[in-house]
Amino acid sequence: MNYKEIQDLIKLVNKTDLTELKVKDGEFEISIRTKKFSKHVAPQMVSAAPMLSMQSAPVPAAPEAAPAAPVAKESKADAPADTANLLEVKSPIVGTFYRSSSPDKPAFVKVGDTIAKGDVVCIVEAMKLFNEIESEVSGTIVKVCIEDASPVEYDQVLFLVEPS
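Position 111 of the sequence shown, counting from 1, maps to 112 under the working numbering, and the rest follow consecutively.
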């Protein structure tokens with residue numbers, strides 16, 4: 002694992018509700034803990050290559066599992082006429098995108114809603130952990146770029162926002 006990958010892991014942990022992340026790949030092993038880490042909480046062990054163990058703060062009720070839909074492709078016809086002045090809200094992690102905290106709850110945001118920096122705009126489920134994604138921009142939602150319950154990639158655009 003190189004220096005850039007370690008920096009990316011640290012940024013990822015800081016942007017989520019994770020309190021601890023351990024990665025082991027052969028001889029290499031790293032443990033990242035946030036200030037919220039408590040030795041009184043046992044980590045959830047996840048079997049993967051490389052091996053990861055994570056802890057998280059309480060999360061909202063999980064939406065029922067839905068079959069993964071294909072990632073929505075943005076066509077030129079769907080795009081707003083002038084996207085040059087629009088800001089993007091991107092996914093800080095890989096996972097499954099949900100617009101609401103459960104199927105019977107309203108979406109966190111919809112087209113036309115005004116958001117402020119720090120507002121929760123969606124949830125991304127990653128490894129059975131539901132992470133609230135907060136906006137890093139302020140403005141009005143112009144477009145939701147991905148379908149509910151669809152897989153998302155790191156740094157994928159989720160919303161387009163007209164700055165206020």
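For glycine and all other residues, C-beta sits at the position ideal for the given N, C-alpha and C.
Within the same chain, Cβ atoms closer than 6 Å to the Cβ of residue 115 are found at 141, the five residues on either side in sequence being excluded.
In this structure, the straight-line span from the alpha carbon of residue 30 to that of residue 22 is close to 11 Å. Taking 8 Å as the cut-off, the beta carbon of residue 88 is found closer than this to the beta carbon of residue 138. Between the alpha carbons of residue 86 and residue 158 lies a distance of about 15 Å. A distance of 8 Å or more separates the beta carbons of residue 153 and residue 113.
Boundaries of the beta strand (DSSP E) around residue 22: 19-26. Within the stretch 89-149, complete beta strand (DSSP E) segments of at least 3 residues are found at 96-99, 121-127, 130-135 and 140-145, given in chain order. Residue 163 sits in a strand when the DSSP states are folded into three classes. With a cutoff of 8 Å on beta-carbon distance, residue 98 and residue 151 are scored as near each other. In the DSSP secondary-structure assignment, residue 30 is bridged to 25. Within the same chain, Cβ atoms closer than 7 Å to the Cβ of residue 161 are found at 81, 84, 87, 89, 143, 144 and 146, the five residues on either side in sequence being excluded. The alpha carbon of residue 128 has as its nearest neighbour, out of 109, 18, 104 and 101, the alpha carbon of 18. With 16 or more other CB atoms across the displayed protein chains lying within 10 angstroms of its CB, residue 126 is buried. Spanning the alpha carbons of residue 122 and residue 3 requires a straight line of approximately 32 Å.
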